[in-house]
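Only one structure is covered here, and it is reproduced in the block below.
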Amino acid sequence: MSEEQNKPADATVEPTEATADTANQTDAGSPEDRVAKLEAEVASLKDQLLRAMAETENTRRRAQRDREDASKFAVSSFAKELVSVADNLRRALDAVPAEGREQDDVLKGLAVGVEATERQLFAAFDRAGIKKLDPAGEPFDPNFHQVMFEIENTGKAAGTVVQVLQPGYTIHGRLLREAMVGVAKGGDAGGQHVDTKA
Numbered sequence: 007m008s009e010e011q012n013k014p015a016d017a018t019v020e021p022t023e024a025t026a027d028t029a030n031q032t033d034a035g036s037p038e039d040r041v042a043k044l045e046a047e048v049a050s051l052k053d054q055l056l057r058a059m060a061e062t063e064n065t066r067r068r069a070q071r072d073r074e075d076a077s078k079f080a081v082s083s084f085a086k087e088l089v090s091v092a093d094n095l096r097r098a099l100d101a102v103p104a105e106g107r108e109q110d111d112v113l114k115g116l117a118v119g120v121e122a123t124e125r126q127l128f129a130a131f132d133r134a135g136i137k138k139l140d141p142a143g144e145p146f147d148p149n150f151h152q153v154m155f156e157i158e159n160t161g162k163a164a165g166t167v168v169q170v171l172q173p174g175y176t177i178h179g180r181l182l183r184e185a186m187v188g189v190a191k192g193g194d195a196g197g198q199h200v201d202t203k204a
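Structure, rendered in structure tokens:
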């Protein structure tokens with residue numbers, strides 16, 4: 007047998023000096039270089055961590071704001087339908103003549119019932135954050151009013167709301183339905199011109 011065949015199978019080969027020098031050269035060189043490299047990596051990871059935490063916090067805040075908006079404004083379409091009901095209740099009350107109330111007990115009872123229903127509806131509106139806009143006498147605001155016509159010779163400044171055809175409504179400060187109004191056209195009182203075509 008040859009010598010190689012006589013060696014045991016689990017014998018280890020001792021590293022030579024050349025092999026150890028090669029391993030040391032593959033490490034990052036001097037200890038100062040390694041420290042600088044590790045500090046740069048720590049700074050980079052710290053920056054990434056801070057950015058991820060900030061993004062998570064922004065996402066949490068955005069989700070919370072969306073949840074709050076959804077709870078506040080989810081009923082907007084339903085509220086628009088109820089606003090029409092409020093309009094019809096008011097029309098019913100306006101249709102009852104004052105002298106008819108005094109003379110007819112049935113008509114008086116009906117009017118009182120409709121008034122109570124209207125009060126209850128507006129109390130529910132208040133609880134839901136719905137506010138009525140009745141801008142008579144106020145300056146025209148295109149964010150909340152829709153001009154239907156202009157009236158001349160009113161004695162009021164141009165752009166003043168002189169007639170409200172249909173009141174408007176807001177829900178938590180956001181427009182639900184604009185008020186339909188008639189405004190004063192320019193005249194003796196002076197004032198600005200209102201662009202009703204906007």
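When the count follows the numbering used here, it moves up by one through the sequence shown with no breaks and lands on 204 for the last residue. The C-beta atom is built at its ideal place from N, Cα and C for all residues, glycine as well.
Check	Outcome
Say yes only if the C-beta of Q172 is nearer than 8 Å to one or more non-hydrogen atoms of the ligand HEM, and no if none qualify.	Looking for the ligand HEM in the displayed structure turns up nothing, as the structure carries no ligands at all.
In chain order, what are the residue ranges of uninterrupted beta strand (DSSP E) at least 3 long that sit wholly in the segment 147-197?	151-157, 167-172, 174-177, 180-183, 185-190
To the nearest angstrom, how far is the alpha carbon of E61 from that of R73?	18 Å
Whose C-beta lies closer than 6 Å to the C-beta of G106 among residues of the same chain, with five residues either side of it excluded?	L113
Helix or strand or just coil, what does DSSP make of P145?	strand
Would you say A190 and I157 are within 9 Å of each other, going by their C-beta atoms?	yes
Could you check if R183 is buried or exposed, using at least 16 other CB atoms within 10 Å of its CB as the buried criterion?	buried
Taking DSSP's pairing of strands, which residues face L139 in a bridge?	G174
Considering only residues of the same chain and omitting the five flanking positions on each side of M7, which have a CB-CB separation below 8 Å?	The pLDDT assigned to M7 is 48, lower than 50, so where the model puts this residue is not dependable; a value taken from the coordinates is nonetheless given after this. Excluding sequence neighbours, M7 sits near nothing in its chain.
Starting from A49, follow the alpha helix (DSSP H) in both directions and report where the run begins and ends.	37-79
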